[in-house]
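Per this note's numbering, the sequence shown starts with residue 247, numbered consecutively.
Where is the CB? At the ideal position from N, CA and C, for every residue including glycine.
Step one of this worksheet: look at the structure below.
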Amino acid sequence: MDARSSTRKGWASRAGFVLAAAGSAVGLGNIWKFPYITGTYGGGAFVLVYLGCILLLGLPIMVAELIIGRCGQRDAIGSFLVLEGPDSRWKWVGAVSVVAAFLLLAFYSVVAGWSFDYVFKAASGEFSKGGTEQIGGLFLKLTASAFRGLFWQALFLAATAGIVIGGIRGGIERWSKILMPALFGLLILLFLHSMFSPGGMLALRFLFTPDFSLLAPRALLGALGHAFFTLSLGAGVMITYGSYLDAEADLFGLSFRIAALDTLVALLASLTIFSVVFSAGMPIDGGPGLVFKTLPILFLQLPFGKLLALLFFLLLAFAALTSAISMLEVVVAYAVDEWCWPRGRATGVVGLAAFFLGIPCGLSFNVLKGFALLPGHTVFESLDLLVSSYMLPLGGLMVAVYVGWRWTRDRQCSAFVNLHPEGRLFAAWRFVLRYFAPAAVLIILFNEAGWLG
């Protein structure tokens, strides 16, 4: 093993790792995508299918990524170099992940910056200064202003870099122990308040009363896709975070806790949003329109609406920040491990590079709105398509193939602590990783590419 890995500083505690990894998984998609696809595909029935996909797809690949990182004790590329040698082609699996994380950070920071802007709007009382049309128009003004969008994007990336520069213990773990409890506290406050709204019971019945007659093949595709993307798979995050784990870590137990926290946030966010939307008798929208147009209007129709709006956008900002931290760390860890850069220089250079790449992404909503990088897609949409539809599924697929088929049974079992090779848990994980997970990721890849109709 490379000498650099012997002095690698790891997580100070298991709880710190779980909170950081769960923070990576909990992102904007939990807040605006999961409620929308749940509403689209039948509520409670979709939730049951989604939970099954988490167990059969998300968890096995997450464990595989953690194995690579924990055994390699290096970044997402370096771990493959340690495990397979410098001339192995498997290093390109890590390379795809690192590039995907960098591109993802560049365009993710655009939307994440909007959440910072809306925290400021909510705190300054800007939502209460006009009627429905004026509040809805605030989002259009934000996206139409090149300077304002880039300002909040830069501020968001600066906050992200300010955390990552502190390292694993002093930066990521320390702030995860602050941001994640704060996120859960805000979410629970919003959830409890929403349950006493007129739409509270309607939301509970909708989310937890399954009606399988509403399920369609597209629902299964939606569940598979979200189960994969929500856990930060394919972007090298779990490989990188896993590289800071010690040899005694229970990878199955840790993965289950991460997935459970991520799912809990998605369910609580869905109940909160459904309650607000049902109280107003409005249909459920998805994406930025739901968060930045619809919800600010609906919050102000409820008691304590100004406070609720502020809490919600703080929640959104925290969720965006904890995810972006992990994206930046993937690339910074590569620069530190492979190029021997000091963490300060690596964080600064990567952060600036992400901002400069993110500039045309941010301008896609105004100055470059008519410019298509890929046919029919703006720069922002092109990077989103490239990363989400191709790079992340490809990275997840190759991880499943690598650990599932490249590694022998004995090598796989030796990566776990106190796990019998004849035990049911190991056998089930190995079977799913070798057969179900690759097939499921291929379906996701084909669906995201539009090849399934």
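Per DSSP, which one or two residues make a beta bridge with residue i?
{"i": "Leu620", "result": "His623"}
{"i": "Pro456", "result": "Gly289"}
DSSP state of residue i, grouped into three classes?
{"i": "Pro684", "result": "helix"}
{"i": "Gly594", "result": "helix"}
{"i": "Ile690", "result": "helix"}
{"i": "Pro306", "result": "helix"}
{"i": "Pro639", "result": "helix"}
{"i": "Met573", "result": "helix"}
{"i": "Arg415", "result": "helix"}
{"i": "Ile530", "result": "coil"}
{"i": "Ser251", "result": "For Ser251, the predicted structure reports a pLDDT of 44, less than 50, and the residue's modelled location is therefore unreliable. The matter cannot be settled from this model."}
{"i": "Cys586", "result": "coil"}
{"i": "Leu671", "result": "helix"}
{"i": "Gln380", "result": "helix"}
{"i": "Glu330", "result": "helix"}
{"i": "Leu482", "result": "Here residue 482 is Gly; the residue named in the question, Leu, does not match the sequence. Looking at Gly482 - three-state DSSP - the assignment turns out to be coil, as it is neither helix nor strand."}
{"i": "Asp508", "result": "helix"}
{"i": "Tyr580", "result": "helix"}
{"i": "Val551", "result": "For the sequence presented, residue 551 should be read as Gly rather than Val. The answer is helix: DSSP assigns Gly551 an H, G or I state."}
{"i": "Phe502", "result": "helix"}
{"i": "Ile277", "result": "helix"}
{"i": "Val663", "result": "coil"}
{"i": "Ser525", "result": "helix"}
{"i": "Pro606", "result": "helix"}
{"i": "Ile283", "result": "helix"}
{"i": "Glu311", "result": "helix"}
{"i": "Gly445", "result": "coil"}
{"i": "Phe611", "result": "coil"}
{"i": "Ser516", "result": "helix"}
{"i": "Ser628", "result": "helix"}
{"i": "Tyr490", "result": "coil"}
{"i": "Ala322", "result": "coil"}
{"i": "Gly256", "result": "coil"}
{"i": "Ala563", "result": "helix"}
{"i": "Ala495", "result": "coil"}
Please say whether residue j and residue i have beta carbons closer to each other than 8 Å?
{"i": "Gly608", "j": "Leu396", "result": "yes"}
{"i": "Val663", "j": "Asn276", "result": "no"}
{"i": "Leu470", "j": "Gly642", "result": "no"}
{"i": "Met573", "j": "Val342", "result": "no"}
{"i": "Ala271", "j": "Thr476", "result": "yes"}
{"i": "Thr406", "j": "Ile571", "result": "yes"}
{"i": "Leu562", "j": "Val537", "result": "yes"}
{"i": "Thr518", "j": "Leu436", "result": "yes"}
{"i": "Arg670", "j": "Gly650", "result": "no"}
{"i": "Val339", "j": "Phe474", "result": "no"}
{"i": "Val633", "j": "Leu349", "result": "yes"}
{"i": "Ala566", "j": "Ala358", "result": "yes"}
{"i": "Lys255", "j": "Arg415", "result": "yes"}
{"i": "Val577", "j": "Ala310", "result": "no"}
{"i": "Ala683", "j": "Ile313", "result": "no"}
In terms of residues, what are the limits of the alpha helix (DSSP H) holding residue i?
{"i": "Cys659", "result": "655-660"}
{"i": "Gln399", "result": "392-410"}
{"i": "Val344", "result": "337-369"}
{"i": "Ser422", "result": "420-441"}
{"i": "Gly696", "result": "Run containing Gly696: none; DSSP gives neither H nor E here."}
{"i": "Gly269", "result": "260-271"}
{"i": "Ile543", "result": "541-545"}
{"i": "Ile300", "result": "First-last for Ile300: undefined, no H or E at that position."}
{"i": "Phe475", "result": "463-475"}
Hey, is the segment 441-450 in contact with the segment 252-262, meaning 3+ C-beta pairs nearer than 8 Å?
-> no
Pair every Cβ in the segment 265-285 with every Cβ in the segment 417-436, then say whether three or more of these pairs are closer than 8 Å.
-> yes
contact_flag[the segment 299-310, the segment 497-507] where n(CB pairs < 8 Å) is 3 or more = yes
Is the segment 449-468 in contact with the segment 274-293, if contact means three or more CB pairs nearer than 8 Å?
-> yes
Taking one C-beta from the segment 621-633 and one from the segment 370-384 each time, how about it: are there three or more such pairs within less than 8 Å?
-> no
Using 8 Å as the threshold, is the segment 600-614 in touch with the segment 363-376, meaning 3 or more CB pairs across them?
-> no
Are there three or more Cβ pairs, one per stretch, closer than 8 Å when the segment 324-336 is compared with the segment 547-566?
-> no
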